[in-house]
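Student: Sequences listed follow chains A and B, in order. My numbering puts the first residue of the first sequence at 1, with every later residue one more than the last. My numbering puts the first residue of the second sequence at 1001, with every later residue one more than the last. Just so you know, even glycine gets a beta-carbon here, dropped at the ideal spot from N, CA and C. Take a look at the following structure, please.
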Amino acid sequence: MVVKVYGPAFASPKRVLVCLVEKEVEFETVPVDLIKGEHKHPDYLKLQPFGTVPVTQDGDYTLFESRAIIRYYAEKYKSQGTDLLGKTIEERGQVENWLEVEAQNFHPPVFNLTFQIMFTPILGIPTDEKLIKESEEKLDKVFDVYEERLSKNKYLAGDFFSLADLSHLPFTQYLVCQMGKEYMIRDRKHVSAWWDDISNRPSWKKVLELYPAPGA
Amino acid sequence: MVVKVYGPAYASPKRVLVCLIEKEVEFETAPIDLLKGEHKDPDYLKLQPFGTVPVTQDGDYILYESRAIIRYYAEKYKSQGTDLLGNTIEERGQVENWLEVEAHSYNPPIYTLTLQILFSSKLGFTPDQNLIKESEEKLSKVLDVYEERLSKSKYLAGDFFSLADLSHLPFTQYLVGPMGKEDMIRSRKHVSAWWDDISNRPSWQKVLQLCPPPF
C-alpha cells in the first residue's frame, strides 16, 4: 500500500515529500486547496481536526503534523535510503535538538513572513508591514546563531545531513525565491554553503519539480 | 555522572524534570533567574545560544529545547522506568503526532496567556486584554479537539501515558492554578478526567514539591 500525502502544493507537506523521497518510500498525493478553504471541509477535519496540512494515510494508519510524520517514516524505514536520524542515540539527540530549534525559533518568523508577503495579497487581507519587519529581525538573529553553528559543523546536527536540515527546505525555498530575501542566506558564508548543499539534493529538486508552490 | 538541568523554577524545564523522574534518571538542577536576565548572560548563551531554558548537561553532552531533551532521555532509557514512547513504531508515531500538536497548537496560546497574565507585572508591561481574549478562544478550540480525542482514548496518543501527555503538565498547571482558568479544564468531561490522571502522577507531584514556580 502506498502512503497518501495531503496538500502537496504547500510548504509543510513538502517536508514529508522530501523525507519520503530520501527514504525511498512510494507515495501518492491528494490536493487540498487552502485558498478555497478545503482544509475546513468536514471530511478533511475528520482526518485532521485542526484543519491544517499535511495528513498522511498509510492504509488505516493516519498521522498529522509534518515533523511527527517525518520522524515516524525516518524511524520506520531506518534501514533503507538516507539515514536522517544520525547513527547513535547522542547523534539522534542532536537531530531532535535542531529539529526543535527549527520548529520553535526558525519557523514562527519565517511562517509570518510567508503568510504576510505571499498569502495576504491572494486572500485579500491587509498586509501587516510592522509584523514583516519584526519577523525579519527575529529571523536575522536566528540565522546569526546558525552561521556560528555551521562554522563548526557541516550540517545542523553534526557532520551528517538529517531531519533537522531537511525541515528547513520548504520555507527557506520561499524565502530565497518567492519572497526575494535570498540576501539573508547569501550574506552569511556558512549558511550560504549549507543552503546550496541541502537545496541541491536530488530529492529536493524532485519535490519542487513535481509539486510547484501555488503561484510559482 | 548526574544530568544537570538549568532553570527548574520555570515551566519548560519542568517537562524535563518530570520525564527524568518517570525514567528514574538522577539529576541535579542549576537555577537561572529569567526575571534578572540571567538567560542572556554570555556564559549561559555559550550553552544555549537562543537564551532560553532549559539546557541539560550530561558530562560533555549538551542538549536544549525541552521536547528534544525528553525525546532523547525517553529513548536512551527506554528499558527503565515508565515507557513514554509506546510499544511499537505505530504507537511512537502517535506520540510524535500529539507531542507536535502540543508544541504547535496548544503551547502558543497558553504561552501567550502565561506571559500576559502571570509575567506582565514582573516584566513591567501592561497586559494586552485583546491578546488574552484571542488566546483564550484559540485554547478553547484546541481543548474542544482534545475533548473529542479523549472521549475515544484514555490518553492523547492512545491507551498509554506518553511524552505527549507529559508535555502538557507545566503550562496546564499554570492555567488551573495561578491563572485561575480551571473551568477550561473542568467544563470538559474527558479533558477533566485526563488532567486529574496525569497531574496526580507521583512524578508530577514530586516536581511541584521540589521546584516551586517563581510566584
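Does the segment 1005 to 1020 of chain B come close enough to the segment 1051 to 1069 of chain B to have 3 or more Cβ pairs within less than 8 angstroms?
Tutor: The segment 1005 to 1020 of chain B is in contact with the segment 1051 to 1069 of chain B.
Student: What's the gap between the Cα of residue 1172 (chain B) and the Cα of residue 54 (chain A)?
Tutor: When rounded, the distance between both Cα atoms is 27 angstroms.
Student: Below 8 angstroms CB to CB, which residues in the same chain sit around residue 62 (chain A) once its five sequence neighbours on both sides are set aside?
Tutor: So the list reads 47, 55 and 56, once near-sequence residues are dropped.
Student: Between residue 1184 (chain B) and residue 1118 (chain B), is the Cβ-Cβ spacing less than 8 angstroms?
Tutor: Cβ atoms of residue 1184 (chain B) and residue 1118 (chain B): not closer than 8 angstroms.
Student: Is the beta carbon of residue 140 (chain A) less than 8 angstroms from the beta carbon of residue 179 (chain A)?
Tutor: No; because the gap between Cβ atoms is not below 8 angstroms, this pair is not in contact.
Student: Does the beta-carbon distance from residue 1064 (chain B) to residue 200 (chain A) come in below 8 angstroms?
Tutor: No.
Student: For the beta strand (DSSP E) that residue 44 (chain A) lies in, which residues bound it at each end?
Tutor: Not the beta strand (DSSP E): residue 44 (chain A) falls in the alpha helix (DSSP H), residues 42 to 47.
Student: Less than 8 angstroms between CB atoms is the rule here; does residue 1097 (chain B) satisfy it with respect to chain A?
Tutor: It does; some Cβ of chain A falls within 8 angstroms.
Student: Whole alpha helix (DSSP H) runs in the segment 139 to 213 of chain A with 4 or more residues, listed along the chain?
Tutor: Listed in chain order, they are 163 to 166, 169 to 176, 183 to 186, 189 to 199 and 202 to 210.
Student: Between which two residues does the alpha helix (DSSP H) carrying residue 89 (chain A) extend?
Tutor: Here the alpha helix (DSSP H) through residue 89 (chain A) covers 89 to 101.
Student: Take every Cβ of the segment 1141 to 1161 of chain B, pair it with every Cβ of the segment 1175 to 1191 of chain B, and state whether three or more of those distances are shorter than 8 angstroms.
Tutor: With the cut-off at 8 angstroms, the segment 1141 to 1161 of chain B and the segment 1175 to 1191 of chain B touch.
Student: Is it the case that the segment 1126 to 1140 of chain B contacts the segment 1104 to 1118 of chain B, given that we only count it when at least three CB pairs across the two stretches are under 8 angstroms?
Tutor: Output reads yes: the segment 1126 to 1140 of chain B touches the segment 1104 to 1118 of chain B.
Student: Hey, does residue 96 (chain A) have any beta-carbon neighbour from chain B nearer than 8 angstroms?
Tutor: Cβ-Cβ to chain B under 8 angstroms: yes for residue 96 (chain A).
Student: Is it the case that the Cβ atoms of residue 1067 (chain B) and residue 1103 (chain B) are separated by a distance below 8 angstroms?
Tutor: A contact, by the Cβ cut-off of 8 angstroms.
Student: Helix, strand or coil for residue 119 (chain A)? Go by DSSP, reduced to three states.
Tutor: Note: residue 119 (chain A) maps to helix in three-state DSSP.
Student: Give the interface partners of residue 109 (chain A) over in chain B, defined as CB-CB distance under 7 angstroms, in chain order.
Tutor: Under the 7 angstroms cutoff, chain B gives no residues; its nearest Cβ is about 13 angstroms from residue 109 (chain A).
Student: Please go through the same chain and pick out, in chain order, the residues whose beta-carbon is closer than 6 angstroms to the beta-carbon of residue 1146 (chain B), but skip the five residues on each side of it.
Tutor: The residues are 1191.
Student: Going along the segment 1074 to 1085 of chain B in order, which residues come within less than 9 angstroms of chain A, judged by CB to CB distance?
Tutor: Within the segment 1074 to 1085 of chain B, the qualifying residues are 1075 and 1076.
Student: Name the residue from A:38, A:59 and A:15 whose alpha carbon lies nearest to the alpha carbon of residue 84 (chain A).
Tutor: When only C-alpha atoms are compared, the closest one is A:15.
Student: Whose C-beta lies closer than 7 angstroms to the C-beta of residue 1206 (chain B) among residues of the same chain, with five residues either side of it excluded?
Tutor: If we look at residue 1206 (chain B) and ignore the five residues flanking it on each side, its Cβ neighbours are 1021.
Student: Please list the residues of the segment 1192 to 1209 of chain B that have a C-beta atom closer than 7 angstroms to any C-beta atom in chain A, keeping them in chain order.
Tutor: If the cut-off is 7 angstroms between Cβ atoms, the segment 1192 to 1209 of chain B has nothing near chain A.
Student: Quick test of your reading: residue 1095 (chain B) and residue 1169 (chain B), contact by CB under 8 angstroms. State the CB separation rounded to the nearest angstrom.
Tutor: Wrong, their Cβ atoms sit about 15 angstroms apart, outside the cutoff.
Student: Is residue 1093 (chain B) close to chain A, meaning its C-beta is less than 8 angstroms from at least one C-beta of that chain?
Tutor: Cβ-Cβ to chain A under 8 angstroms: yes for residue 1093 (chain B).
Student: Taking any Cβ of chain B, which residues in the segment 78 to 89 of chain A have a Cβ under 8 angstroms from it, in chain order?
Tutor: If the cut-off is 8 angstroms between Cβ atoms, the segment 78 to 89 of chain A has 89 near chain B.
Student: With DSSP as the reference, label residue 1048 (chain B) as helix, strand or coil.
Tutor: Here residue 1048 (chain B) sits in coil by DSSP.
Student: State yes or no: is the beta carbon of residue 1115 (chain B) nearer than 8 angstroms to at least one beta carbon in chain A?
Tutor: Taking Cβ atoms only, chain A never reaches closer than 8 angstroms to residue 1115 (chain B), which makes this a no.
Student: Identify every run of the alpha helix (DSSP H) within the segment 52 to 86 of chain A, keeping only runs that are complete inside it and at least 4 residues long; order them along the chain.
Tutor: The segment 52 to 86 of chain A contains these whole alpha helix (DSSP H) runs: 66 to 76.
Student: Let me know if residue 198 (chain A) comes out buried or exposed under the rule of 16 or more other beta-carbons within 10 Å of its beta-carbon.
Tutor: Label assigned to residue 198 (chain A): buried.
Student: So the alpha helix (DSSP H) residue 1011 (chain B) belongs to, where does it begin and stop?
Tutor: Counting along the chain, the alpha helix (DSSP H) containing residue 1011 (chain B) begins and ends at 1011 to 1022.
Student: Since I believe residue 1057 (chain B) is in contact with residue 1004 (chain B) (beta carbons under 8 angstroms), could you give me their beta-carbon distance rounded to a whole number of angstroms?
Tutor: With 8 angstroms as the limit, residue 1004 (chain B) and residue 1057 (chain B) qualify as a contact, their Cβ atoms being about 4 angstroms apart.
Student: How would you call residue 1202 (chain B), buried or exposed, if buried means at least 16 neighbouring beta carbons within 10 angstroms?
Tutor: It is exposed - the Cβ of residue 1202 (chain B) has fewer than 16 other Cβ atoms within 10 Å.
Student: Give me the DSSP bridge partner(s) of residue 1028 (chain B).
Tutor: DSSP, once it has assigned bridges, lists B:1004 as partnering residue 1028 (chain B).
Student: Could you check if residue 102 (chain A) is buried or exposed, using at least 16 other CB atoms within 10 Å of its CB as the buried criterion?
Tutor: Burial call: buried.
Student: Could you tell me whether any Cβ in chain B is nearer than 8 angstroms to the Cβ of residue 104 (chain A)?
Tutor: True, the Cβ-Cβ gap to chain B drops below 8 angstroms.
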